[in-house]
Every structure is written in structure tokens, then in C-alpha cells.
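Numbering (the working numbering), first residue to last: 3 to 78. Cβ coordinates follow ideal geometry from the N, Cα and C atoms, glycine included.
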């Protein structure tokens, strides 16, 4: 199996754990997911990676929306 489905699954699990998630996990997963954009636009004829890119965008939006909650939970 390729790592892309596992990345989408991991982003979904991490997003479901907000605000108890560590931001470092997002930093590790989001670059891999956002690298799916060129493949989604037609490079390498791998349109299945649109799911990977969409999951990355969703994870990024949720991270930005809950940034303060995550910081507050990590402090105390």
C-alpha cells in the first residue's frame, strides 16, 4: 500500500482529536498531504491524490480554526 491513504487516515484521526492533539503531528503530516496538489492537477496522471490534497486542506483549516484551543490545552 502507498502512504497516501495512511496520511489521509492519520489527518482524519488527528483532526478528530482536536484540541488534545500536538501541533507537531500536523507539521509532519500536512506537507505530505499538500504535495498532492500537482498530482491532483494532472501531473503523473494520478488523480486519486485529490483525496490526499483535500484531506490536507481540511486538516489545515481545522488546525487554523482551533489554534488557540490547542495552545491552551498544551499549556495546562
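Is the separation between the beta-carbon of residue i and that of residue j shorter than 7 Å?
{"i": "residue 65", "j": "residue 35", "result": "no"}
{"i": "residue 57", "j": "residue 13", "result": "yes"}
{"i": "residue 38", "j": "residue 51", "result": "yes"}
In angstroms with no decimal places, state the Cα-to-Cα distance between residue i and residue j.
{"i": "residue 10", "j": "residue 25", "result": "16 Å"}
{"i": "residue 48", "j": "residue 76", "result": "38 Å"}
{"i": "residue 70", "j": "residue 46", "result": "38 Å"}
{"i": "residue 63", "j": "residue 32", "result": "11 Å"}
Assuming the contact rule is C-beta atoms closer than 8 Å, residue i and residue j should be a hit. Round their C-beta distance to whole Å, please.
{"i": "residue 23", "j": "residue 72", "result": "7 Å"}
- Query: Is the region 16-26 touching the region 35-45 in the sense that three or more CB pairs, one from each, lie closer than 8 Å?
  - Reply: no
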